[in-house]
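Trainee: Residue numbers (the numbering used here): 27 to 395.
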């Protein structure tokens, strides 16, 4: 298939920065790209001819045409005299792509798939008293969560989507815990009783992890180039849509307190970045479970102005939440010192503050960890 793709590659395709993408291939699944229907027909004819020369043929019953545009545009493609049907949505490698470029249907589809998992295992697993909670939660982690979160790295999470995800998640967990809506038990209490993390946090960690992978990709890698590319077409009228890059940048600021202009620098520090994600998302989880408590009020009132207050902020939140991840905090403090190498270490209060902070951590880590 790679040889056929190389031989059939021409001037057709879509320009992304300095690259021209004419096809996407995974095993025998091929997607041909072009900027016009005429170029796409030419590329399709050339590709079909190369397939016949190699003893293969294009399956017209499994091939479809789709135009990525907010307006409906006709696109007539033929292979061997047969016209390919034009569709508004197309599934490729398990992900549903729509002609409008939205992900709403894709997310709704996986919410429905998760609901199907719940009801298919309802009597045999979810409410079966002979099974222990540990067994039910292992099925939840191995079947329900992977089914629900397939392709979640590229989701744009709106408030409506968040509400739907949490409702679908608690529909499973509430029954495992033996609760019902009439019991009026808070979701945080149910999760704490079962010992599972919120599904929204699992999704956000995956999105931030994929963001760090994109930033660390060397020049020439296609996902990184597409991520850094800027559209050249004129934006249509109306309210602009939320781009995935804007969404994940806002997510990094809200969860990790990393400004958008420093995302690439922080993402390059692999070990510290992973440690910071685990630390601060765990703090956010505790704060979400303690709504209205002293820690939540402190989070809303605290305003971080400097590096010193940044590290002190997370330390005080940890104390307020009763979480003792001091080893992670020490790595975070070292990373903050590394990000400001031009400061005068002799006279800067940051240097002395960090030294005192590290001595304090060294004294308590041996006892607490």
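We put the beta carbon where it would ideally sit given N, CA and C, even for glycine.
Helix, strand or coil for residue 49 per DSSP?
Mentor: Within the chain shown, the letter at position 23 stands for residue 49. Note: residue 49 maps to strand in three-state DSSP.
Trainee: Taking the alpha carbon of residue 46 as the point to measure from, which residue in 35, 238, 55, 56 has its own alpha carbon closest?
Mentor: Position 20 of the chain shown, counted from the start, is the residue given in the question as residue 46. Checking every option, the nearest Cα to that of residue 46 belongs to 35.
Trainee: Measure the alpha-carbon distance for residue 114 versus residue 208 and round it to whole angstroms.
Mentor: As a position in the chain shown, residue 114 is number 88, starting the count at 1. As a position in the chain shown, residue 208 is number 182, starting the count at 1. Going from the Cα of residue 114 to the Cα of residue 208 covers about 42 Å.
Trainee: By how many angstroms is the C-alpha of residue 170 removed from the C-alpha of residue 189?
Mentor: For the purposes of this step, residue 189 is taken as the residue at position 163 of the chain shown. For the purposes of this step, residue 170 is taken as the residue at position 144 of the chain shown. Roughly 18 Å separates the two Cα atoms.
Trainee: With C-beta atoms as the reference, is residue 397 less than 7 Å away from residue 84?
Mentor: There is simply no residue 397 to check, as the chain begins at 27 and stops at 395 in what is shown.
Trainee: Since residue 65 is in the beta strand (DSSP E), which residue starts that stretch and which ends it?
Mentor: Here residue 65 corresponds to residue number 39 of the chain shown, with the count starting at 1. No beta strand (DSSP E) holds residue 65; the alpha helix (DSSP H) holding it covers 63-79.
Trainee: Starting from residue 97, trace the beta strand (DSSP E) in both directions and tell me its first and last residue.
Mentor: Locating residue 97 in the chain shown gives position 71, counting from the first residue. That residue, residue 97, is in no beta strand (DSSP E); it is neither H nor E in DSSP.
Trainee: Measuring only the C-alpha atoms, how far is residue 100 from residue 93?
Mentor: Here residue 100 is taken as the residue at index 74 of the chain shown, counted from 1. Here residue 93 is taken as the residue at index 67 of the chain shown, counted from 1. Residue 100 and residue 93: Cα-Cα distance of roughly 8 Å.
Trainee: As a quick exercise: from 54, 91, 69, pick the residue whose alpha carbon is nearest that of residue 82.
Mentor: For the purposes of this step, residue 82 is identified with residue 56 of the chain shown, where counting begins at 1. It is 54 whose Cα lies nearest to the Cα of residue 82.
Trainee: Distance check for residue 49 and residue 40, CA to CA, integer angstroms please.
Mentor: Your numbering for residue 40 matches position 14 in the chain shown. Your numbering for residue 49 matches position 23 in the chain shown. Using only the alpha carbons, I get a separation of about 9 Å.
Trainee: Helix, strand or coil: which one does DSSP assign to residue 112?
Mentor: Counted from its first residue, the chain shown places residue 112 at position 86. Residue state, collapsed to three classes: strand.
Trainee: Between residue 162 and the rest of its own chain, which residues show a CB-CB distance below 7 Å, the 5 nearest in sequence each way excluded?
Mentor: Your numbering for residue 162 matches position 136 in the chain shown. The residues are 151, 152, 202.
Trainee: Over what stretch of residues does the alpha helix (DSSP H) that includes residue 38 continue unbroken?
Mentor: The residue labelled residue 38 in the question sits at position 12 within the chain shown. Unbroken run through residue 38: none, as it is neither H nor E.
Trainee: Grouping DSSP H, G and I as helix and E and B as strand, with all else coil, what is residue 130?
Mentor: In the chain shown, the residue the question calls residue 130 occupies position 104. Helix at residue 130.
Trainee: From residue 239 to residue 76, what does the alpha carbon distance come to, in whole angstroms?
Mentor: Sequence index remark: in the chain shown, residue 239 carries index 213 (1-based). Sequence index remark: in the chain shown, residue 76 carries index 50 (1-based). Their backbone Cα atoms lie some 35 Å apart in a straight line.
Trainee: So if DSSP puts residue 121 in a beta bridge, which residue, or which two residues, is it bridged to?
Mentor: For this step, residue 121 is matched to residue 95 along the chain shown. Per DSSP, 118.
Trainee: Specify, as a first and last residue, the run of the alpha helix (DSSP H) that residue 252 falls within.
Mentor: Along the chain shown, one-based indexing puts residue 252 at 226. 248-254 is the span of the alpha helix (DSSP H), which, as asked, contains residue 252.
Trainee: Nearest CA to the CA of residue 195: which residue from 226, 183, 290?
Mentor: As a working note, residue 195 is residue 169 in the chain shown. Measuring from the Cα of residue 195, the nearest candidate turns out to be 226.
Trainee: Can you find at least 3 beta carbon pairs, one from the region 280-292 and one from the region 229-239, that sit closer than 8 Å?
Mentor: Yes, the region 280-292 is in contact with the region 229-239.
Trainee: Closest to residue 70 by C-alpha separation, out of 218, 44, 30, would be which residue?
Mentor: Translated into positions along the chain shown, residue 70 becomes position 44. Of the candidates 218, 44, 30, the one whose C-alpha sits nearest the C-alpha of residue 70 is 30.
Trainee: I'd like to know if the region 171-180 and the region 133-147 are in contact, where contact means that at least 3 CB-CB pairs between them fall below 8 Å.
Mentor: Because the criterion of three Cβ pairs below 8 Å is met, the region 171-180 and the region 133-147 touch.
Trainee: When you compare each of 56, 155, 146, 164 to residue 117 by their alpha carbons, which one comes out closest?
Mentor: In the chain shown, residue 117 corresponds to position 91, counting from 1. The option with the nearest alpha carbon to residue 117 is 56.
Trainee: Less than 6 Å between C-beta atoms, sequence neighbours within five positions excluded: which residues of the same chain meet that for residue 72?
Mentor: Residue mapping note: residue 72 aligns to position 46 of the chain shown, counting from 1. Correct list, in chain order: 34.
Trainee: So does the region 180-187 actually touch the region 262-281, counting three or more Cβ pairs closer than 8 Å?
Mentor: A contact exists between the region 180-187 and the region 262-281.
Trainee: Going along the chain, which residues of its own chain have a beta-carbon closer than 8 Å to the beta-carbon of residue 220, five neighbours each way excluded?
Mentor: The residue labelled residue 220 in the question sits at position 194 within the chain shown. The answer, listed in chain order, is 159, 163, 199, 202, 203.
Trainee: If you drop the 5 nearest sequence neighbours on each side, which residues of the same chain put their C-beta closer than 7 Å to that of residue 249?
Mentor: Taking the first residue of the chain shown as 1, we reach residue 249 at position 223. Counting only Cβ-Cβ distances below 7 Å, and skipping sequence neighbours, we find 240, 243.
Trainee: Is it the case that the Cβ atoms of residue 96 and residue 132 are separated by a distance below 7 Å?
Mentor: Taking the chain shown and counting its residues from 1, one reaches residue 96 at position 70. Taking the chain shown and counting its residues from 1, one reaches residue 132 at position 106. No, the Cβ-Cβ distance between residue 96 and residue 132 is not below 7 Å.
Trainee: CA-CA distance, residue 223 and residue 87?
Mentor: Within the chain shown, numbered from 1, the residue matching residue 223 stands at position 197. Within the chain shown, numbered from 1, the residue matching residue 87 stands at position 61. Taking the straight line joining both Cα atoms gives about 44 Å.
Trainee: If you follow the alpha helix (DSSP H) that residue 227 is in, where does it begin and where does it stop?
Mentor: Walking along the chain shown from the start, residue 227 turns up at place 201. From DSSP, the alpha helix (DSSP H) with residue 227 extends over 225-242.
Trainee: In three-state DSSP terms, what is residue 209?
Mentor: Translated into positions along the chain shown, residue 209 becomes position 183. DSSP places residue 209 in helix when its eight states are reduced to three.
Trainee: Quick one: what's got a C-beta closer than 7 Å to residue 61's C-beta in the same chain, skipping five residues either side?
Mentor: Here residue 61 corresponds to residue number 35 of the chain shown, with the count starting at 1. Excluding positions up to five away in sequence, the list reads 40.
Trainee: Taking only runs that begin and end inside the region 126-194, name each unbroken alpha helix (DSSP H) of 4 or more residues, in chain order.
Mentor: For the region 126-194, whole alpha helix (DSSP H) runs of length 4 or above, ordered along the chain, are 130-146, 159-165, 171-174.
Trainee: On the criterion of 16 or more Cβ atoms from any shown chain inside 10 Å, does residue 356 qualify as buried, or is it exposed?
Mentor: Position 330 of the chain shown, counting from 1, holds the residue named residue 356. The predicted model places residue 356 with a pLDDT of 42, which falls under 50 and marks its position as unreliable, so this point remains unresolved.
Trainee: Would you kindly check if the distance between the Cβ of residue 52 and the Cβ of residue 119 is under 7 Å?
Mentor: Within the chain shown, numbered from 1, the residue matching residue 119 stands at position 93. Within the chain shown, numbered from 1, the residue matching residue 52 stands at position 26. Against a cut-off of 7 Å, the Cβ pair of residue 52 and residue 119 comes out as a contact.
Trainee: Tell me the rounded alpha-carbon separation between residue 143 and residue 218.
Mentor: Within the chain shown, numbered from 1, the residue matching residue 143 stands at position 117. Within the chain shown, numbered from 1, the residue matching residue 218 stands at position 192. Whole-angstrom Cα-Cα distance: 23 Å.
Trainee: Assuming residue 282 is part of the alpha helix (DSSP H), what are its boundary residues?
Mentor: Residue 282 sits at position 256 when you count from the first residue of the chain shown. Here the alpha helix (DSSP H) through residue 282 covers 270-282.
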